[in-house]
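Here's the structure, in structure tokens; my notes come after.
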Amino acid sequence: MTTGPAIGRCCCGKVEVTLLEGMPKSGTHCHCKNCRTTSGGVGIYFFVLPSSAFSVKGQDELCSYTDLDTASGKPMQRSYCRTCFSTIGVVVPGRPMGIICGGLFPAESLPPPGVELFTAECAPWYRLHEGAAHFEGMPPK
């Protein structure tokens, strides 16, 4: 992680996420159908962090969707800003970790992906990042 907190915001600025220990050294890019559909793009680039490693201001501006159609079979709570609909992150109930979307942070601060998930489902024209570990689905446990 980089030193000092990293601050990201939704498009309208009503939700602010602070990575308390700074920007991680790498992120994850998921290409699964649900991440593509909910993001409106080729997937979601995110950071998996302990819940204690980030804070969220503007929580009253969040709305969520419970995604029940997941590869793990466990429900995922996908959070969005209720004003601008920026994707904020994902919580899996009962897990001490959270997923924070990288798109909230300035592009120049984002590290490269260290992992790409569901590569079997990515757009055929998408070029996988050469430095990342690639998995056709979820990584083995």
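For the sequence shown, position 110 (counting from the first letter as 1) is numbered 110 according to full-length UniProt numbering, and the numbering increases by one without interruption.
We put the CB at the ideal spot given by N, CA and C, even for glycine.
Given the structure is predicted, the values throughout are model-derived calculations rather than measurements.
Could you spell out the range, first to last residue, of the beta strand (DSSP E) harbouring Thr66?
Leu62 to Asp67
Between the segment 92-107 and the segment 42-51, do three or more beta carbon pairs fall short of 8 Å?
yes
Are the segment 58-70 and the segment 107-121 touching, with three or more C-beta to C-beta distances below 8 Å?
no
Is the segment 122-136 touching the segment 73-83 in the sense that three or more CB pairs, one from each, lie closer than 8 Å?
no
Taking the alpha-carbon positions, what's the His31 to Phe135 distance?
10 Å
Taking the alpha-carbon of Pro5 as reference, which of Gly22, Lys14, Cys12 and Val90 has the nearest alpha-carbon?
Gly22
Quick one: what's got a C-beta closer than 7 Å to Gly58's C-beta in the same chain, skipping five residues either side?
Lys14, Val15 and Glu16
Do Thr38 and Thr87 have their C-beta atoms closer together than 8 Å?
yes
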